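Residues 1 to 405, numbered by our numbering, are exactly what the sequence shown covers, in order. Where a beta carbon is used, it is the ideal one built from N, C-alpha and C, also for glycine. All values derive from a computational prediction rather than experimental measurement.
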Amino acid sequence: MAGNRAVVYKGPGRVAVEDISYPDLILRDGPGVNPLNVGRKCDHGVILKVVTTNICGSDQHMVRGRTTAPSGLVLGHEITGEVIEVGRDVEFIKKGDLVSVPFNIACGRCRSCKEQNTHICENVNPDRPGSAYGYVDMGGWVGGQSEYVMVPYADFQLLKFPDKDQALEKILDLTMLSDIFPTGYHGAVSAGVKPGSTVYVAGAGPVGLAAAHSAQLLGASVVIVGDLNSERLAQARSFGCETVNLREYPNLGEQIEQILGIPEVDCAIDCVGFEAHGHGAGAGEAPAAVLNSIMEVTRAGGRLGIPGLYVTGDPGGVDEDAKIGTLKVRLGLGWAKAHTFVTGQTPAMKYHRDLMMAILSGKAQIAKAVNATLISLDQAPAAYAEFDQGASKKFVIDPHGMFRK
Numbered sequence: 001m002a003g004n005r006a007v008v009y010k011g012p013g014r015v016a017v018e019d020i021s022y023p024d025l026i027l028r029d030g031p032g033v034n035p036l037n038v039g040r041k042c043d044h045g046v047i048l049k050v051v052t053t054n055i056c057g058s059d060q061h062m063v064r065g066r067t068t069a070p071s072g073l074v075l076g077h078e079i080t081g082e083v084i085e086v087g088r089d090v091e092f093i094k095k096g097d098l099v100s101v102p103f104n105i106a107c108g109r110c111r112s113c114k115e116q117n118t119h120i121c122e123n124v125n126p127d128r129p130g131s132a133y134g135y136v137d138m139g140g141w142v143g144g145q146s147e148y149v150m151v152p153y154a155d156f157q158l159l160k161f162p163d164k165d166q167a168l169e170k171i172l173d174l175t176m177l178s179d180i181f182p183t184g185y186h187g188a189v190s191a192g193v194k195p196g197s198t199v200y201v202a203g204a205g206p207v208g209l210a211a212a213h214s215a216q217l218l219g220a221s222v223v224i225v226g227d228l229n230s231e232r233l234a235q236a237r238s239f240g241c242e243t244v245n246l247r248e249y250p251n252l253g254e255q256i257e258q259i260l261g262i263p264e265v266d267c268a269i270d271c272v273g274f275e276a277h278g279h280g281a282g283a284g285e286a287p288a289a290v291l292n293s294i295m296e297v298t299r300a301g302g303r304l305g306i307p308g309l310y311v312t313g314d315p316g317g318v319d320e321d322a323k324i325g326t327l328k329v330r331l332g333l334g335w336a337k338a339h340t341f342v343t344g345q346t347p348a349m350k351y352h353r354d355l356m357m358a359i360l361s362g363k364a365q366i367a368k369a370v371n372a373t374l375i376s377l378d379q380a381p382a383a384y385a386e387f388d389q390g391a392s393k394k395f396v397i398d399p400h401g402m403f404r405k
């Protein structure tokens, strides 16, 4: 039997690459596994040889110690792989298939899944609806920043690439289908982006860049990206976005007015989440800052897409309210302006096939937009540290050295 190595959370600010068990078609006990999920048989699942797996900003929240994630948790929910073993109940996925794995784990059987709300599947996480690989309070499914991983409900979930050779040539784009591209796209769709829209995207990290590219694909006339990090803003400009630097010029409305002639946009997307900072040099953490600012600059009747992560438990919160996800949001402002808010995980399966076709046809250039950067599994700890310092890169782990030259 082959060995298996993975990126493991070791405590605040620390990750390591360690030997872990080779996967089989059962969810065994381990760090973060819900006791009610221990021993769960997955004859409907497959074992994947991981071809690529990405570091996500939501992983970084855990690594910073900003969640209740236990030490020893195997990280990673953005997975692309080759099927090397299939369970007895798998009918349509075959050995050798190259597939994208939606980061949401979904059964395909419950009411939510049947309504395409795969982000809130009712059967995979005993704590609450919704689950993901390698993530805190998500049921304990083992993460995929590894050489091999088990994926349940394979026939329902997996997106098979129609031409394996073509897919391998476009792997840096296709690896984004597991999470970041559908998440950015969902943010844009939730915000009501349509041809001619003016759009503000809060945050120029990978999800913000994916949302900005998605808004362009949906026909936005102007996409404005705001951040405190000048390197990330430069990346946004590289594919045609306008930008605002909120560290140097804290008044968001005035900056938008300089670009559009009016201090508001048609719609806005929050790609920052609960670790938001206030605007201006030296501003500290203010977890409701982005939510309040996008309400201020979105026109009356506009929509707010909120793919940025908000949590119910944050040990590092700035006050006791923030530690339980209670934020000082100006709901009265949103109410007065008749805003529509769309929150929660992204139902990746709702979008991944369409986005795959956009990539394969050359319409979408998501790897370029997010500055996809290949690394080895052993380089992952250093990449986490670099990402935490604000590097404008989307790190893509190549566990078996298939693509690095």
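Within the same chain, Cβ atoms closer than 6 angstroms to the Cβ of S293 are found at L252, the five residues on either side in sequence being excluded.
Around the Cβ of S71, a 10 Å sphere holds fewer than 16 other Cβ atoms; the residue is exposed. Of the candidates P182, A204, G226, the residue whose Cα lies closest to the Cα of L217 is P182.
In the structure shown, the three-state DSSP call for Y135 is coil. In this structure, DSSP gives R128 a state outside helix and strand, which the three-state scheme calls coil.
The continuous beta strand (DSSP E) containing C267 extends over residues 265-270. A direct Cα-Cα distance of roughly 20 angstroms separates A276 from I256. Distances from the CA of L374 to each of D354, M402, G362 were compared; the closest alpha carbon is that of M402.
Short of 8 angstroms from the beta carbon of I171, and not among the five residues preceding or following it, lie these beta carbons of its own chain, in chain order: V51, T52, T80, F403.
With a cutoff of 8 angstroms on beta-carbon distance, G57 and V225 are scored as not near each other. Counting along the chain, V151 sits inside the beta strand (DSSP E) bounded by residues 148-151. Secondary structure note for I171: it is in no beta strand (DSSP E), and the uninterrupted alpha helix (DSSP H) holding it is 171-174. In this structure, the alpha-carbon of A132 lies about 30 angstroms from that of G302. Counting the other CB atoms within 10 Å of its CB gives S238 a total below 16, which places it among the exposed residues. In the structure shown, the three-state DSSP call for S100 is strand. Contact between the stretch 344-357 and the stretch 311-322 is not established, with fewer than three Cβ pairs separated by less than 8 angstroms. For I397, the three-state secondary structure derived from DSSP is strand.
The three-state secondary structure of E257, taken from DSSP, is helix. A distance of 8 angstroms or more separates the beta carbons of A212 and V222. If you check the CB distance, L291 and D270 come in under 8 angstroms. Look at the beta carbons and you see the stretch 22-30 not touching the stretch 360-376: under three pairs across the two are nearer than 8 angstroms. Per the coordinates, the alpha-carbon of A188 lies some 6 angstroms from the alpha-carbon of A215.
Rounded to the nearest angstrom, the gap between the Cα atoms of P195 and G332 is 30 angstroms.
Fewer than three beta-carbon pairs drawn from the stretch 235-249 and the stretch 136-156 are found closer than 8 angstroms, and the two stretches are therefore not classed as touching. In terms of Cβ geometry, C42 and P152 form a close pair [threshold 8 angstroms].
For N245, the enclosing beta strand (DSSP E) stretches over residues 242-245. Boundaries for G301: no alpha helix (DSSP H) harbours it, while the beta strand (DSSP E) harbouring it runs 298-305, taken from the DSSP string.
Boundaries of the beta strand (DSSP E) around T80: 79-86.
Taking the C-beta atoms as reference points, A210 is found nearer than 8 angstroms to I180.
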